[in-house]
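Counting in our numbering, the sequence shown tops out at residue 488, every number present. The C-beta atom is built at its ideal place from N, Cα and C for all residues, glycine as well. Nothing here was measured: the structure is a model prediction, and the numbers come from that model.
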Amino acid sequence: MATELTTWSPLRELDNFRRSFDEMFDRFTKDWFSGDWMRVRGPAIESWIEDGTLVVRADLPGVDPKDVEVTVTGDTLTLRGKREHMEEKSGRDYFHREVSYGSFERSISLPKGVKAEEIKATYKNGVLDLRMPLPKELSARKVPVTVETDAKQA
């Protein structure tokens, strides 16, 4: 009976470790990245101040604007909505599943003094754009910075 000797390769061992780690990571993160991220986390939002107006944008790809609700309670802006399945077929074996369906909700804090009745909302190409005037006392102003130098120099 002949016995084959295999040379040990640290690179092969490292590759096996990486593969095992990837499989373990995939099992633990499957739900987070399986297309349910929008339900878990909510839509991606960005906000900035432009000419005394607070602009808030939310990415809502594939969401029907009729299924979006915007509410303001106190100083909290809340977006609620849902993305319906285009076609429902059970028993599919997906290769990739990154599209999120179902209900979502996302809340952000607004500066004090923003009036809900003055918020304007538009929806275009899957992006919800909210614009609200800021109270005058919240408008950005530049603050001069005074640079001090050390009088003692060696």
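Asked                                                                            : Found
Beta carbon of residue 444 nearer than 8 Å to that of residue 411                : yes
Nearest neighbour of residue 464, chosen from 451, 471, 343 [CA to CA]           : 451
Residues that residue 415 bridges to, as DSSP identifies them                    : 402, 438
Beta carbon of residue 390 nearer than 8 Å to that of residue 383                : no
Residue 397 burial status per 10 Å Cβ neighbour count (16 or more: buried)       : buried
Selected residue, minimal CA-CA separation from residue 436, among 446, 405, 418 : 418
Limits of the unbroken beta strand (DSSP E) element including residue 381        : 379 to 384
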